[in-house]
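Residue numbers (the working numbering): 459 to 646.
Ideal Cβ positions, reconstructed from N, Cα and C, are used throughout, including at glycine.
Beneath this line is the structure, given in structure tokens, with notes to follow.
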Ligand code: 5GP
């Protein structure tokens, strides 16, 4: 994924508190060609896994997830950050947002996440693993099995990777940020 790494170095911006802003190609404006390359790489890395559903969390996970779903011809479900009154069989849990520094309740319908599901979770960033922890909770509640997780960018100086290894969850990140110290992006 040299193309992703080059783009991070070219257009990524550091913010205080260990935040990497990639809003010109992932989080606000999106580059569909780069996103398709990202999706193809996830498909390659997770080839051979027994997956029947792609799960993501709104909003920034949706673009890569839907492309992976398209390539694999699998349904894509996104975990919602607002609880619609009309959702049937709602499962919910609380997730701490790293970028907003607050807790929020996320939810998914048990109609779309069931004991028959073998899930690949896709998201934009792995930081401290709070979103991933929420997905683990929701999958436990629903009876679904997590087969693997894929992140576009992992920040290795935070502890999401350790958290997933402790839980024996296979994950892949397409680019790994070693440090954002002194507002310089250091990639692995
Ligand atoms: P975690 O849940 O692993 O602590 O953080 C991951 C979530 O927080 C991702 O869904 C992502 O939206 C957001 N996030 C965490 N760190 C960053 C960052 O440095 N930049 C951006 N743009 N989002 C981040």
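Handout entry: Nearest candidate by alpha-carbon position, reference residue 475, set 501, 616, 576, 524
Key = Residue 475 sits at position 17 when you count from the first residue of the chain shown. Nearest C-alpha to residue 475: 616.
| query | Can we count residue 511 as close to the ligand 5GP, meaning its CB is less than 8 angstroms from some heavy atom? | reply | By 1-based counting over the chain shown, the position of residue 511 is 53. False, no ligand heavy atom lies under 8 angstroms from that Cβ.
Of all the options 590, 529, 613, which has the alpha carbon lying nearest to the alpha carbon of residue 643? Position 185 of the chain shown holds residue 643. Answer by Cα proximity: 613.
Using beta-carbon positions only, say whether residue 526 and residue 535 come within less than 9 angstroms of one another. Numbered from its first residue, the chain shown carries residue 526 at position 68. Numbered from its first residue, the chain shown carries residue 535 at position 77. It is not a contact, given that the beta carbons lie outside the stated cut-off.
Checklist line | residue 546 beta carbon less than 9 angstroms from that of residue 569 | finding: Taking the chain shown and counting its residues from 1, one reaches residue 569 at position 111. Taking the chain shown and counting its residues from 1, one reaches residue 546 at position 88. Result yes, Cβ atoms of residue 569 and residue 546 sit closer than 9 angstroms.
Cβ neighbours of residue 549 in the same chain (closer than 8 angstroms, five flanking residues each side left out):
The residue labelled residue 549 in the question sits at position 91 within the chain shown. For residue 549, where only same-chain residues beyond five positions count, the Cβ hits under 8 angstroms are 565, 566, 567, 568, 571, 596, 599, 600.
Report the start-end ranges of each beta strand (DSSP E) in the region 597-632 that is 3 residues or longer and not cut off at the edges. 603-613
Closest Cα partner of residue 519 within the set 505, 609, 562, 640: As a position in the chain shown, residue 519 is number 61, starting the count at 1. Residue 519 has its Cα closest to that of 609, out of 505, 609, 562, 640.
Would you mind sorting residue 517 into buried or exposed? The rule is 16 or more other CB atoms within 10 Å of its CB. To locate residue 517, count along the chain shown from 1; it is residue 59. Burial call: exposed.
Decide if residue 629 is buried, meaning its Cβ has at least 16 other Cβ atoms within 10 Å, or exposed. By 1-based counting over the chain shown, the position of residue 629 is 171. Buried, because 16 or more other Cβ atoms sit within 10 Å of the Cβ of residue 629.
Taking only runs of the beta strand (DSSP E) that begin and end inside the region 540-593, which ones reach a length of at least 3 residues, in chain order? 548-555, 560-567, 576-584
Next item on the list: Have a look at 524, 640, 513 and flag the residue whose alpha-carbon is nearest the alpha-carbon of residue 498.
Entry: Position 40 of the chain shown holds residue 498. It is 524 whose Cα lies nearest to the Cα of residue 498.
ask   = With 16 other CB atoms within 10 Å as the buried threshold, where does residue 513 fall?
value = Locating residue 513 in the chain shown gives position 55, counting from the first residue. When all chains shown are included, residue 513 counts as buried.
Q | Simplified DSSP assignment, three categories, for residue 530 | A | As a working mapping, residue 530 is identified with position 72 in the chain shown. Reduced to three states, the DSSP call for residue 530 is helix.
Could you check if residue 644 belongs to the surroundings of the ligand 5GP, using beta carbon to heavy atom distance under 8 angstroms?
As a first step, residue 644 is located in the chain shown; it is residue number 186 there, counting from the start. Every heavy atom of the ligand 5GP is 8 angstroms or more from the Cβ of residue 644, so no.
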